[in-house]
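>
2 protein chains.
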Amino acid sequence: MAVTSKENLQKNIKTLKKIQSEVQSINRVALSVDCVIFGFDENKLKVLLIRSDLKKYQSKWSLLGDLVKPDEDLDTAAYHILKQRTGLHDVYLEQVHTFGEVNRHPAGRVVTVAYCSLINIQHHRLKILDHELHWHAVESITDLAFDHQKIFQACYSWLQKRVQEHPLGLSLLPNKFSLRELQNLYEAILNIKLDRRNFRKKFFAMDFLVDMGEDEQNVPHRPGRLYKFDYEKYEKKKKTWSGIDF
Amino acid sequence: MAVTSKENLQKNIKTLKKIQSEVQSINRVALSVDCVIFGFDENKLKVLLIRSDLKKYQSKWSLLGDLVKPDEDLDTAAYHILKQRTGLHDVYLEQVHTFGEVNRHPAGRVVTVAYCSLINIQHHRLKILDHELHWHAVESITDLAFDHQKIFQACYSWLQKRVQEHPLGLSLLPNKFSLRELQNLYEAILNIKLDRRNFRKKFFAMDFLVDMGEDEQNVPHRPGRLYKFDYEKYEKKKKTWSGIDF
DNA sequence: CCAAAAGTGTTGCGTGTACACCCATGT
DNA sequence: ACATGGGTGTACACGCAACACTTTTGG
């Protein structure tokens, strides 16, 4: 028993050393995060891009990304990019997928973790921090640098799916919004037309909208009511079972 | 014009070199994949685990994983593990999430990409390749090594959600199965009871089940019909819009 | 008073759910 | 014959989709 224990111990120390040396030696890759940052403006869904600085991709736009430092969590790295590029810190951010094809990057093996972020574009307007940054309508995005087109597409599809089952889309709107704005948002993200009355009924039936007692200002027609979303109520009531449905 | 172009070229070469050196130098981490391999047996959902070989976690079980080699795609690395540990190659495999907390692994910074895999446990029975491998019922999984409990939980939750909107669960059954088996599978994954008649109606209405013209064998009661799933038909008919529903 | 968008209800249809009886097989 | 689970149908409730008119505001 004692012997077995001692043998085990030595064996385990050996195994740990082996793994440590593997970890520290050749089996390493560069790791980056790339953020697909969505905004909503002029009734269009937009994405924030930066002009690529590599010759090979000179005329192309790319996602906002950076290498992950060895002492930095992935989520933290993604937040840093958001903060650095938009000046915003209170944003919706969620990991979507990791892209690790061997030859996806011209500078060597770089595995990248893609994050999807949703920001309120009005807030961002006040702090343009970089002249190489621009908002692009999603329909116009056709030819990004590296494999960023693929990453963008994955995040966009992810958003279209996710927005139907989770109220994350509201992060794209101001805190107070009209039902028209909300509907425009869904129509823009999903690229469909929705019936105004049914949309309204739907959201009121969910019972997560709080009447702010205020109306729109400066519109050339009858002003709409403003609402906010009650996230607390949502968290309590959110469903777990919605039925099998392929 | 020519000057500008030349300047650009030199600037770009410089930038590329800078990035390359960053990629090749300190900013590197070890990368692994971990597979949460689900099986279905005795009407229970099970997970394939291996006895951890590190002292600190001596008595604990862990997920099947390995370091990603510098010239290996992520998906490929996951497939290798499946192949190596189960002998199976034709399995359902999908990336779920990447875990990158700085201190998640005792051997140093290791970022891991979690994959969820579904295998037909009957097939696997024939090829037990490693005596340290065991199937565990999901309810009994409470204390895995490292952060594997968290990874497992993420994959299990992912599966519970995904199985409601995609027929991936059928990968856990034999090619021919009875409706009872299918229902047991869903009840096990979702941990709920379902009405037999409504379940039946639901699946027949989807119209993806093909009657094999055969019945169960060796059951101590009336044998049930056997069906297979028509994946081709599913691929054509699968829905894209199911409505906003939080 | 005109334009433009807000606000409001009803009806039909399809889908989910609850529920009970007869049938086929092995023992 | 009996025990066990297979196989079927109906009725009700609810949610979604289709659809038109009146109201409020600014110009």
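Quick mapping for you: the protein sequence lines, in order, are chains A and B.
So the mapping is simple: this note's numbering equals the position in the first sequence, first residue as 1, plus 4.
So the mapping is simple: this note's numbering equals the position in the second sequence, first residue as 1, plus 4.
For every residue, glycine included, the Cβ atom is placed at its ideal position computed from N, Cα and C.
Values in this document were obtained by computation on a predicted structure and should not be read as measured data.
1. To which residues of the same chain is B/SER182 closer than 7 Å at the C-beta, ignoring the five residues directly before and after it?
2. Can you pull out the residues from the region 78-108 of chain B whose beta carbon lies closer than 7 Å to at least one beta carbon of chain A?
3. Report back the beta-carbon spacing between A/ALA158 and A/ALA192 to the nearest angstrom; my notes put them in contact at under 8 Å.
4. Is it true that the region 39-58 of chain A meets the region 191-210 of chain A, where meeting means three or more beta-carbon pairs spaced less than 8 Å apart?
5. Strictly under 8 Å for the Cβ-Cβ distance: is A/GLN168 near chain B by that measure?
6. The alpha helix (DSSP H) that contains B/ILE123, what's its start and end?
7. In this structure, how does DSSP classify A/ILE54 when only helix, strand and coil are distinguished?
8. State yes or no: is the beta carbon of A/TYR235 nearer than 8 Å to at least one beta carbon in chain B?
9. Shorter than 8 Å from the beta carbon of A/ASN124 to some beta carbon of chain B?
10. Would you kindly report the start and end of the unbroken alpha helix (DSSP H) that includes A/PHE212?
11. Since B/TYR190 meets chain A, which of its residues come closer than 8 Å, beta carbon to beta carbon?
12. Given B/ASN188, which residues of its chain have a CB within under 7 Å of its CB, disregarding the five upstream and five downstream residues?
13. Where in the region 157-223 of chain B do unbroken runs of the beta strand (DSSP E), each at least 3 residues long, occur, reported from the N-terminal end onward?
14. Inspect the beta-carbon positions of B/ALA34 and B/ARG108 and report whether they are closer than 8 Å.
15. Should A/VAL100 go down as buried or exposed, given a rule of 16 or more other Cβ atoms within 10 Å for buried?
16. From the DSSP output, which residues share a beta bridge with A/ARG229?
17. Keeping to the same chain, check which residues put their C-beta closer than 7 Å to that of A/PHE233; ignore five residues upstream and five downstream.
18. Using only the alpha-carbon positions, how far apart do A/GLN62 and A/TYR83 sit?
19. Over what stretch of residues does the alpha helix (DSSP H) that includes A/HIS256 continue unbroken?
20. On the three-state DSSP scale, how would you describe B/ASP79?
Taking the coordinates as given:
1. For this step, residue 182 of chain B is matched to residue 178 along the second sequence. Here the set comprises GLU220, GLY228, ARG229, LEU230.
2. Residues of the region 78-108 of chain B with a C-beta atom less than 7 Å from some C-beta of chain A are LEU78, GLN99, HIS101, THR102, GLY104, GLU105, VAL106, listed in chain order.
3. Residue mapping note: residue 158 of chain A aligns to position 154 of the first sequence, counting from 1. Residue mapping note: residue 192 of chain A aligns to position 188 of the first sequence, counting from 1. Not quite, the Cβ-Cβ distance comes to about 19 Å (not below 8 Å), so this is no contact.
4. Yes: the two stretches touch, three or more of their Cβ pairs being nearer than 8 Å.
5. Along the first sequence, one-based indexing puts residue 168 of chain A at 164. Taking Cβ atoms only, chain B reaches closer than 8 Å to A/GLN168, which makes this a yes.
6. Within the second sequence, numbered from 1, the residue matching residue 123 of chain B stands at position 119. Note, B/ILE123: premise wrong, no alpha helix (DSSP H); not H, not E.
7. Within the first sequence, the letter at position 50 stands for residue 54 of chain A. Strand, per DSSP.
8. In the first sequence, counting from the first residue as 1, residue 235 of chain A sits at position 231. Not an interface residue.
9. Stepping through the first sequence from its first residue, residue 124 of chain A is reached at position 120. No, no contact with chain B.
10. Here the question's residue 212 of chain A lines up with position 208 in the first sequence. Counting along the chain, A/PHE212 falls outside any alpha helix (DSSP H), and DSSP gives it neither H nor E.
11. In the second sequence, counting from the first residue as 1, residue 190 of chain B sits at position 186. Going along chain A in sequence order, the residues near B/TYR190 (Cβ under 8 Å) are ILE248.
12. The residue given as residue 188 of chain B occupies position 184 in the second sequence. Close CB contacts of B/ASN188 within its chain, under the 7 Å cut and outside five residues either way in sequence, are with ASN47 (chain order).
13. Counting only runs of 3+ residues, the beta strand (DSSP E) found wholly inside the region 157-223 of chain B occupies 213-219, in chain order.
14. Position 30 of the second sequence, counted from the start, is the residue given in the question as residue 34 of chain B. Position 104 of the second sequence, counted from the start, is the residue given in the question as residue 108 of chain B. With a cutoff of 8 Å on beta-carbon distance, B/ALA34 and B/ARG108 are scored as not near each other.
15. Along the first sequence, one-based indexing puts residue 100 of chain A at 96. Buried: at least 16 other Cβ atoms inside 10 Å.
16. As a position in the first sequence, residue 229 of chain A is number 225, starting the count at 1. A/ASP219, per the DSSP bridge assignment.
17. For this step, residue 233 of chain A is matched to residue 229 along the first sequence. Only PRO171, LEU174, PHE212, LEU213 meet the Cβ criterion.
18. On the first sequence, position 58 is the one that residue 62 of chain A refers to. On the first sequence, position 79 is the one that residue 83 of chain A refers to. As the crow flies, the alpha-carbon of A/GLN62 is around 27 Å from that of A/TYR83.
19. Outside the modelled stretch of chain A, which goes from 5 to 250, sits residue 256 of chain A, for which no answer is possible.
20. The count along the second sequence starts at 1 and reaches residue 79 of chain B at position 75. DSSP places B/ASP79 within a helical segment (H, G or I) once states are collapsed to three.
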